[in-house]
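So the sequence lines, in the order shown, correspond to chains A and B.
Position in the first sequence (from 1) plus 15 gives the number in the working numbering.
Position in the second sequence (from 1) plus 15 gives the number in the working numbering.
What follows is a short report on a single structure.
Number of protein chains: 2
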Amino acid sequence: MAGSQRMLKRLNRMAIVRHVKARPGLARGELAGLVGLAESTVSVLVGELIEDGWLRQDGSRGTGAVGRRPKALELDSSRLALVGAEVGDDFINAVACGLQGEVLFSRRIDYRHVEQGQSIRDTAALVAEARAAVLAGRRKVLGAGVAVAGMVDTEGFLRLAPSIGWRDVPFGELLAASLAERRAADMPVKVLNDANAAALSEYVFGAGPAVGSLVFLSLGYGVGAGIVLEGGLHVGYDGLAGEVGHTILKVDGALCACGRRGCAETILSQKVISRQATGREAPVLLVSELVALLDQGDATLKQVVREAGEHLGLVLQNLVVTINPEVLILGGPLSRLQGLVDVAVEELQRLTGSLPYHRTEVRVCRFGLNAAAVGAAGSVLHQALHPLAHSIGSGDLAA
Amino acid sequence: MAGSQRMLKRLNRMAIVRHVKARPGLARGELAGLVGLAESTVSVLVGELIEDGWLRQDGSRGTGAVGRRPKALELDSSRLALVGAEVGDDFINAVACGLQGEVLFSRRIDYRHVEQGQSIRDTAALVAEARAAVLAGRRKVLGAGVAVAGMVDTEGFLRLAPSIGWRDVPFGELLAASLAERRAADMPVKVLNDANAAALSEYVFGAGPAVGSLVFLSLGYGVGAGIVLEGGLHVGYDGLAGEVGHTILKVDGALCACGRRGCAETILSQKVISRQATGREAPVLLVSELVALLDQGDATLKQVVREAGEHLGLVLQNLVVTINPEVLILGGPLSRLQGLVDVAVEELQRLTGSLPYHRTEVRVCRFGLNAAAVGAAGSVLHQALHPLAHSIGSGDLAA
Numbered sequence: 016m017a018g019s020q021r022m023l024k025r026l027n028r029m030a031i032v033r034h035v036k037a038r039p040g041l042a043r044g045e046l047a048g049l050v051g052l053a054e055s056t057v058s059v060l061v062g063e064l065i066e067d068g069w070l071r072q073d074g075s076r077g078t079g080a081v082g083r084r085p086k087a088l089e090l091d092s093s094r095l096a097l098v099g100a101e102v103g104d105d106f107i108n109a110v111a112c113g114l115q116g117e118v119l120f121s122r123r124i125d126y127r128h129v130e131q132g133q134s135i136r137d138t139a140a141l142v143a144e145a146r147a148a149v150l151a152g153r154r155k156v157l158g159a160g161v162a163v164a165g166m167v168d169t170e171g172f173l174r175l176a177p178s179i180g181w182r183d184v185p186f187g188e189l190l191a192a193s194l195a196e197r198r199a200a201d202m203p204v205k206v207l208n209d210a211n212a213a214a215l216s217e218y219v220f221g222a223g224p225a226v227g228s229l230v231f232l233s234l235g236y237g238v239g240a241g242i243v244l245e246g247g248l249h250v251g252y253d254g255l256a257g258e259v260g261h262t263i264l265k266v267d268g269a270l271c272a273c274g275r276r277g278c279a280e281t282i283l284s285q286k287v288i289s290r291q292a293t294g295r296e297a298p299v300l301l302v303s304e305l306v307a308l309l310d311q312g313d314a315t316l317k318q319v320v321r322e323a324g325e326h327l328g329l330v331l332q333n334l335v336v337t338i339n340p341e342v343l344i345l346g347g348p349l350s351r352l353q354g355l356v357d358v359a360v361e362e363l364q365r366l367t368g369s370l371p372y373h374r375t376e377v378r379v380c381r382f383g384l385n386a387a388a389v390g391a392a393g394s395v396l397h398q399a400l401h402p403l404a405h406s407i408g409s410g411d412l413a414a
Numbered sequence: 016m017a018g019s020q021r022m023l024k025r026l027n028r029m030a031i032v033r034h035v036k037a038r039p040g041l042a043r044g045e046l047a048g049l050v051g052l053a054e055s056t057v058s059v060l061v062g063e064l065i066e067d068g069w070l071r072q073d074g075s076r077g078t079g080a081v082g083r084r085p086k087a088l089e090l091d092s093s094r095l096a097l098v099g100a101e102v103g104d105d106f107i108n109a110v111a112c113g114l115q116g117e118v119l120f121s122r123r124i125d126y127r128h129v130e131q132g133q134s135i136r137d138t139a140a141l142v143a144e145a146r147a148a149v150l151a152g153r154r155k156v157l158g159a160g161v162a163v164a165g166m167v168d169t170e171g172f173l174r175l176a177p178s179i180g181w182r183d184v185p186f187g188e189l190l191a192a193s194l195a196e197r198r199a200a201d202m203p204v205k206v207l208n209d210a211n212a213a214a215l216s217e218y219v220f221g222a223g224p225a226v227g228s229l230v231f232l233s234l235g236y237g238v239g240a241g242i243v244l245e246g247g248l249h250v251g252y253d254g255l256a257g258e259v260g261h262t263i264l265k266v267d268g269a270l271c272a273c274g275r276r277g278c279a280e281t282i283l284s285q286k287v288i289s290r291q292a293t294g295r296e297a298p299v300l301l302v303s304e305l306v307a308l309l310d311q312g313d314a315t316l317k318q319v320v321r322e323a324g325e326h327l328g329l330v331l332q333n334l335v336v337t338i339n340p341e342v343l344i345l346g347g348p349l350s351r352l353q354g355l356v357d358v359a360v361e362e363l364q365r366l367t368g369s370l371p372y373h374r375t376e377v378r379v380c381r382f383g384l385n386a387a388a389v390g391a392a393g394s395v396l397h398q399a400l401h402p403l404a405h406s407i408g409s410g411d412l413a414a
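Structural data, given as structure tokens:
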């Protein structure tokens, strides 16, 4: 019973934080109505949340009425923090954020993966650095999320990271061990897929009104989608959902790294663009190098990017008719290539012009190259805010 | 307040029915624990549900304990009924079902749509016939669902039925008017997409343990998918989700009825199979005619079906890596073509052999040609059982 009362209290606390996050400026009385609790109970919980660094009250708010003015509540951006990192195909990135996604610390290094253990130790070093920066600023760390360009199960086990060449790595465990060696293991660590993390960056920290569904398409060595539907990530039965880089677009097309032919990644990826621009398989140019070439007016690359944009439009159209999200968000390193996104959006409009009623909005991601790292940090907040996430949808809550 | 108490009572009643549906044989005491109500309250509600025809108690159940044996509850299959219909490209089908999906009445007619009003009147006639059959059996009708091969919005407005050639038809309204003329309008009528309806037939009335997610792929004139995720239909922001027949599989492929090139439907549909088998655009052979040709050993058609099966495998693989459902279910008229499904499953295995951990199960639908009509009937039950469906996922329930 004590356990279920603690859980109930946690649910009520987080319900309050969710409401304040969605509508900054709420007063205790309004909150009581929204969460269905007595105002006195809400006051006690709000007091605790203020003490714990979740909320702050911002002086008074004019109501037009005579008498004591209710105190407006909002998220406190100054005392709690989230750490996030991304292990990319040719970089490692770490960030620390506040509760509203404000990036407090960010460090990104170009990286060539050679040995697995070394990559994990170098990731742990960056995560520890972000944590230390947060602590130095006198904030408490709620937890860390680490995004990896591969298939990750719910226990942080990395099944496959095709571009890096890793398979069956207990990534979460090894990372935690490496953080412990650095005495930086005093926070929960969550591992997730990079596209899923990127999707959460927009969902958890998105500007403007909350969206009901979104697909984040991450463009780099691979093409992966993170899918948010009805309030949470849709990762699929085996965690394979969103692996749109391996949808087959060309029957009998070019050979893919996955062993099949005609996957989207065989016509749209950093490797393909690099090869078409240089005429060589290796080395694969960094996106910064591709950007520099475009800036220099490289005509071949410009044409290559144009064709990649057309293929991207095709991938977008297939997502619109299959999942039909409210918003499609483009991110990942390749989204920085001048012209790619514009051509893709044009092509999507051309392709869907004959489909009536399609209103999916396409936009470029808010956090740029930090999207997956910020979203990994956001996954920690999302989990804290939705303690019952895995029960919702079972229908039992309606009882 | 009276309104919200009525709603609360409705929620509690339907929670009880959901639990008994999921676990037939429950007793009142077990139910009280499951729904979180006092046993006395549950007893009152169960009494009403028995009176209203939802539940029945099946004598006594041995518990091994001494004393009065608790009464086992189960869905009552004898007193309530659901009506369902499907308006197909070349047929109209109507059914009536009990609460467990038992088909009580079924009538299917081959149909060539000529004039919209006439098609709607003929549909109303079949729906009225199913209703009359149910009433003659002294059952109460909970409502009717009608599935259409097209894009339908939540208000029963048919935006587009490309194969029939209808656009912007207030289908639900016209159907209700036609039912009123027949004095058969004493039940709510719900209009939905055929693939979505078919998906619900498996989700609401599926045999075996409940699945968390499923995609029903309906194969006929068009190729459409119904998607059930986390307890409900995923129809997408504009109701376009699952229009996988219009995913582009061949860049610069054949022209599609939708005006684009290379859509899945240009390589996999009843029209294409008929044309390839006969060498003529029209008339499009009925599936029964195709089945007869295969039975006669038509070698051309056999090869055509084999190729269609390979393309179907490709569509299945793209669904596995995009949505990754627990179960993929194949239905629609074309699924009756000998060999098609076997080849598709083989091809899916070949294509996904190199993808580790994929466990999506593929199976043929349970209700055969009645799937969409039974599912349309099931949608009435699903809606009744989940009065809060549109609130779930907002997160507010967790408060």
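All C-beta atoms in this analysis are idealised placements derived from N, C-alpha and C, irrespective of residue type, glycine included.
Model, not experiment: these values are computed from the prediction.
- With respect to chain B, the C-beta atom of ALA399(A) has no partner C-beta closer than 8 Å.
- Residue state for LEU300(A) is assigned as coil, using DSSP reduced to three classes.
- Under the DSSP assignment, ARG146(A) falls outside any beta strand (DSSP E), being part of the alpha helix (DSSP H) whose first and last residues are 131-151.
- Here the alpha carbons of ALA109(A) and ARG198(A) stand approximately 18 Å from one another.
- Excluding five sequence positions before and after VAL320(A), the CB atoms of its chain that fall closer than 6 Å to its own CB belong to LEU352, GLY354 and LEU355, given in chain order.
- Neighbours of ARG374(B) in chain A, taken as residues at a C-beta separation under 9 Å, are given in chain order as TYR252 and ASP253.
- When 7 Å is used as the limit between beta carbons, GLN332(A) is near these residues of chain B: ILE263, in chain order.
- ALA145(A) sits close to PHE120(A), with the two beta carbons spaced by under 8 Å.
- Taking a Cβ-Cβ cut-off of 9 Å, the neighbours of PRO340(B) in chain A comprise GLY251, TYR252 and ALA256, given in sequence order.
- By the C-beta density criterion, THR367(A) is buried, having at least 16 other C-beta atoms within 10 angstroms.
- Your pair VAL342(A) and ARG381(A) does not check out as a contact, with CB atoms roughly 11 Å apart and the cut at 8 Å.
- At a beta-carbon threshold of 8 Å, the residues of chain A lying near VAL335(B) are LEU255, ordered along the chain.
- Counting of Cβ neighbours within 10 angstroms places SER284(B) among the buried residues, the total reaching 16 or more.
- Secondary structure of LYS86(B) (DSSP, three-state): coil.
- A direct Cα-to-Cα measurement between VAL161(B) and PRO340(A) gives close to 25 Å.
- Taking the Cα positions, GLY103(A) is about 18 Å away from GLY393(A).
- Between VAL389(B) and PHE172(B), the C-beta gap is not smaller than 8 Å, which leaves the two residues out of contact.
- Contact between ALA212(A) and GLY241(A) holds, since their C-beta atoms are separated by about 7 Å, short of 8 Å.
- At a cut-off of 8 Å, the C-beta of SER19(A) has no neighbouring C-beta in chain B.
- For LEU64(B), the uninterrupted alpha helix (DSSP H) run begins and ends at 54-66, by DSSP.
- In the DSSP assignment, no residue is bridged to ALA222(A).
- Counting along the chain, GLY116(A) sits inside no beta strand (DSSP E), nor does DSSP assign it H or E at all.
- Of the other Cβ atoms in all chains shown, fewer than 16 fall within 10 Å of the Cβ of GLU361(A); this residue is therefore exposed.
- Contacts between VAL32(A) and chain B, judged by CB atoms closer than 7 Å, are missing: the closest CB pair is about 11 Å apart.
- ASP209(B) is positioned such that its CB atom lies no closer than 8 Å to that of SER178(B).
- Per DSSP, ARG71(A) is one residue of the beta strand (DSSP E) stretching across 70-72.
- Runs of alpha helix (DSSP H) with 4 or more residues, each lying fully within the segment 272-339 of chain A, are found at 285-293, 302-310 and 314-337, listed in chain order.
- Ranking HIS373(A), THR375(A), ASP73(A) and ARG122(A) by CA distance to the CA of ALA139(A) puts ARG122(A) first.
- Cβ contact annotation for GLY44(B) (same chain, cutoff 7 Å, sequence separation greater than five): GLU54 and PRO85, in chain order.
- With fewer than 16 other Cβ atoms from the protein chains shown falling within 10 Å of its own Cβ, SER19(A) counts as exposed.
- With respect to the 8 Å criterion, ALA269(A) and GLY324(A) are not classified as neighbours on the basis of their beta carbons.
- Contact between ALA399(B) and ALA100(B) is absent: CB atoms are separated by about 18 Å, not below the 8 Å threshold.
- In the structure shown, the three-state DSSP call for GLU217(B) is helix.
- In the DSSP assignment, the residues bridged to ALA176(A) are TRP181(A).
- Comparing C-alpha distances from VAL259(A) to each of ASP67(A), SER93(A) and PHE231(A) shows the shortest one belongs to PHE231(A).
- By a beta-carbon distance limit of 8 Å, ARG154(A) does not contact LEU244(A). Their separation comes to about 32 Å.
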